Amino acid sequence: MSNVTYFTRCFLGSKFYRSRVNLKLRLRSVAFSIDATLGQVTLTLGHQTNCCKCNVHTAPCVTGIPSYSVIPNHLQPVLFVTHRTNSSDANRARRNSQRKKIPPGPSLNTFIAKSQLRMQNDNGLGLPENDDHIPYLQRNEFWGNNRKVFFETYGCQMNVSDTEVAWSILQNNGFQKTEDPKMADVVLLMTCAIRENAEQKIWNRLEYFSSLKKKRRKSQMPLKIALLGCMAERLKKKIVEKTKVVDVVAGPDAYRDLPRLLSVADSGRTAINVMLSMDETYADVVPVRLDQTSKTAFVSIMRGCDNMCSYCIVPFTRGRERSRPITSILEEIRLLSDQKGAKEVTLLGQNVNSYRDISEETYYGFHSGLSSDETKLADGFQTIYKPKQGGLRFGHLLEKVAQINPEMRIRFTSPHPKDFPDEVLYTVKDYNNICNQIHLPAQSGNSEVLQRMRRGYSREAYLQLVDHVRAILPGVSLSSDFITGFCGETESEHEDTLSLLRLVKYNYAFLFAYSMRQKTHAYHKMADNVPEEVKQRRLQEVISVFRENVTEVNRAQIGETQLVLVEGPSKRNPAELVGRNDGGTRVILSNNRETLSAQDEAVTPSGNVKPGDYVAVDVS
1 MSNVTYFTRC FLGSKFYRSR VNLKLRLRSV AFSIDATLGQ VTLTLGHQTN
51 CCKCNVHTAP CVTGIPSYSV IPNHLQPVLF VTHRTNSSDA NRARRNSQRK
101 KIPPGPSLNT FIAKSQLRMQ NDNGLGLPEN DDHIPYLQRN EFWGNNRKVF
151 FETYGCQMNV SDTEVAWSIL QNNGFQKTED PKMADVVLLM TCAIRENAEQ
201 KIWNRLEYFS SLKKKRRKSQ MPLKIALLGC MAERLKKKIV EKTKVVDVVA
251 GPDAYRDLPR LLSVADSGRT AINVMLSMDE TYADVVPVRL DQTSKTAFVS
301 IMRGCDNMCS YCIVPFTRGR ERSRPITSIL EEIRLLSDQK GAKEVTLLGQ
351 NVNSYRDISE ETYYGFHSGL SSDETKLADG FQTIYKPKQG GLRFGHLLEK
401 VAQINPEMRI RFTSPHPKDF PDEVLYTVKD YNNICNQIHL PAQSGNSEVL
451 QRMRRGYSRE AYLQLVDHVR AILPGVSLSS DFITGFCGET ESEHEDTLSL
501 LRLVKYNYAF LFAYSMRQKT HAYHKMADNV PEEVKQRRLQ EVISVFRENV
551 TEVNRAQIGE TQLVLVEGPS KRNPAELVGR NDGGTRVILS NNRETLSAQD
601 EAVTPSGNVK PGDYVAVDVS
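For the sequence shown, position 528 (counting from the first letter as 1) is numbered 528 according to full-length UniProt numbering, and the numbering increases by one without interruption.
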């Protein structure tokens with residue numbers, strides 16, 4: 001037996017070559033030993049070697065490539081080769097053989113046994129208990145050892161939910177949470193990439209954490225900074241290239257890997273995992289609420305998006321659409337209701353009403369008993385991808401969630417107008433604890449702009465849907481999203497958006513100026529030709545029209561008695577409380593028994609109202 005070590009760089013004579021050398025090994029049996037630290041490969045040979053050019057039966061010489069007995073093509077490695085003839089090769093090979101080898105990976109039997117063991121346990125979500133431990137790595141290599149983690153979350157409600165998932169994973173691996181960044185060993189920023197100004201906030205915040213990192217005493221553990229979420233997924237290693245302060249970059253589907261990534265960062269290296277998954281939903285992870293006193297909670301029911309609107313970066317930062325199993329969702333909501341005292345739950349997803357749980361087909365039959373007509377899009381709506389068939393749909397999930405606790409309010413966001421079957425609307429109508437509130441993101445009031453946005457509907461189809469929703473749900477609270485200054489938007493097209501706002505009269509809306517995003521269809525095919533000052537001027541006009549309308553809508557509610565869920569004290573005045581009515585409108589009420597109805601059973605003996613109480617208020 002002889003050992004020949006081939007290093008990952010090739011020196012032939014005095015020249016240095018980086019080209020690959022394909023070793024066509026002809027060998028009956030070869031044992032590979034890979035040293036990841038030195039980047040070399042040792043081949044243990046079962047017979048004497050010879051050089052293919054000089055035919056000398058010794059160690060390989062500098063004039064050629066060694067030739068061996070036949071080995072199948074799929075076992076032919078591609079290596080960088082160094083031929084060495086000095087006597088140190090044997091000593092080097094001996095030292096390498098004494099190095100600590102990575103233990104063999106798990107066998108098929110290992111995975112089978114582990115799967116059988118998991119099926120005997122339960123994590124409280126109706127699914128097999130999850131164990132994120134990697135069998136061929138020692139758990140103590142990435143154990144948190146009570147290190148303190150500080151979280152900052154930016155962006156949408158989905159990022160809040162993701163932060164709670166990430167915290168659950170870290171907590172299960174020996175980390176603790178702190179509210180003071182100066183006391184933290186690890187800072188995690190959950191980022192947003194939907195617009196340029198959202199990312200700019202992160203860059204500005206990194207300057208502060210950079211100074212905090214430099215001030216850290218040498219006697220203390222070095223501060224580690226991790227960027228998570230959509231911005232991490234969009235920029236990937238560019239984040240590290242732009243700023244040297246970031247130690248870990250993790251995309252939305254890599255939160256399970258956080259303990260290992262932080263362990264890699266502890267060794268002084270930058271750790272990056274931005275791989276997107278086709279099936280990750282974190283269904284077996286029980287989120288840990290960041291605010292344990294809150295009476296409201298977010299529950300993610302799906303991840304990703306398939307709509308591919310021309311302006312939107314979400315499909316590229318969160319991946320393809322996949323739905324979480326209904327059993328996991330229902331069990332999490334039961335835990336929130338029974339153990340956490342939640343009084344309101346919001347179901348989250350990029351497009352919640354395209355939810356499909358395929359995993360439940362074996363229990364409920366193919367297509368959930370629905371006819372093919374019920375899976376078609378509404379009149380005037382279209383999609384660039386084939387509509388999904390089969391599985392449990394969002395209307396079924398919504399009904400099951402509403403039945404868990406009649407005293408717990410249910411909301412959902414964000415739907416797409418093209419996926420609004422009547423079954424969802426009638427479910428909202430039939431259950432009093434499902435809030436009479438629908439989010440209908442329009443984005444623009446002009447059909448040509450909507451076509452360029454690839455939204456799949458016209459202005460006329462959208463208005464027809466609004467009328468249909470209001471016919472089934474009288475008094476429904478409507479909200480929407482609008483973008484001003486999209487590619488090629490003219491003044492006439494902008495006026496159509498203003499007129500749509502006046503026609504519909506939304507209860508509230510989310511209004512933004514367009515921000516070009518890389519990778520999107522608009523980035524590759526369109527010109528961002530509306531000047532920034534024009535975008536901002538149009539945005540202010542949209543805001544002005546919306547405020548006029550919402551003032552009119554709110555005045556129409558004066559004199560009504562509404563049921564309000566109290567969320568907590570007002571930030572402006574501690575003597576006041578803030579809550580939301582059924583339509584999602586913020587309501588300010590006095591924390592004084594004298595101003596509350598004598599019939600209000602939520603008033604405590606002390607005369608105060610608690611967060612989580614339902615209060616009947618007279619709007620004035």
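Backbone N, C-alpha and C fix where the C-beta goes; we use that ideal spot for every residue, glycine too.
Values in this document were obtained by computation on a predicted structure and should not be read as measured data.
- The beta carbon of Val264 sits closer than 6 Å to those of Ala271, all from its chain and outside the five residues before and after it, given in chain order.
- Around the beta-carbon of Gln437, 16 or more other beta-carbon atoms lie within 10 Å, marking it buried.
- Counted as a single uninterrupted DSSP element, the beta strand (DSSP E) harbouring Ile483 occupies residues 477-484.
- About 4 Å separates the CB atoms of His521 and Ser310; that is less than 8 Å, so the two are in contact.
- Distances from the alpha-carbon of Leu511 to those of Arg517, Phe298, Gln518, Leu501 put Leu501 closest.
- Per the C-alpha coordinates, the member of Val345, Pro315, Met302 positioned closest to Ile358 is Met302.
- For Ser300, the secondary structure class from DSSP, reduced to helix, strand or coil, is strand.
- Between the alpha carbons of Val240 and Asp247 lies a gap of roughly 8 Å.
- Contact between Val428 and Phe394 does not hold, since the beta-carbon distance rounds to 11 Å and is not under 8 Å.
- The residue from Trp167, Gln171, Gly612, Glu233 with its alpha-carbon nearest to that of Lys519 is Glu233.
- In this structure, the alpha-carbon of Val553 lies about 15 Å from that of Thr561.
- Inter-residue distance for Asn446 and Val550 is about 21 Å (C-alpha atoms, whole angstroms).
- In this structure, DSSP gives Leu276 a state outside helix and strand, which the three-state scheme calls coil.
- Linking Ser294 to His524 through their CA atoms gives a straight-line distance of about 43 Å.
- The continuous beta strand (DSSP E) containing Arg409 extends over residues 409-413.
- Cβ-Cβ distances below 7 Å link Glu199 to Ala193, Met231 in the same chain, with the five nearest sequence neighbours on each side left out; the list follows chain order.
- Following the DSSP letters along the chain, one finds Ser168 inside the alpha helix (DSSP H) bounded by residues 157-171.
- Secondary structure of Gln350 (DSSP, three-state): coil.
- Here the alpha carbon of Pro474 sits roughly 36 Å from the alpha carbon of Ala283.
- For the 7 Å CB-CB criterion, Thr484 and Ala527 do not form a contact.
- Each of Ser211, Glu164, Lys201 was checked against the Cα of Pro181, and the nearest Cα belongs to Ser211.
- Boundaries of the alpha helix (DSSP H) harbouring Met231: 230-235, taken from the DSSP string.
- Contact annotation: the region 171-188 does not touch the region 317-330, with fewer than three C-beta pairs closer than 8 Å.
- Counting along the chain, Ala184 sits inside no alpha helix (DSSP H), nor does DSSP assign it H or E at all.
- Counting C-beta pairs with one atom in each stretch, the region 396-407 and the region 454-466 have fewer than three that are closer than 8 Å, which means they do not touch.
- Around the beta carbon of Ser515, 16 or more other beta carbons lie within 10 angstroms, which makes this residue buried.
- In the displayed model, Tyr457 falls within a strand according to three-state DSSP.
- Boundaries of the alpha helix (DSSP H) around Val534: 532-555.
- Secondary structure of Glu576 (DSSP, three-state): strand.
- In the structure shown, Arg322 falls within a strand segment according to DSSP collapsed to helix, strand and coil.
- Boundaries of the beta strand (DSSP E) around His439: 437-439.
- Pairing Ser479 with Ile434, the inter-Cα distance amounts to about 16 Å.
- Annotation: Ala402 to Ala226 spans about 38 Å, alpha carbon to alpha carbon.
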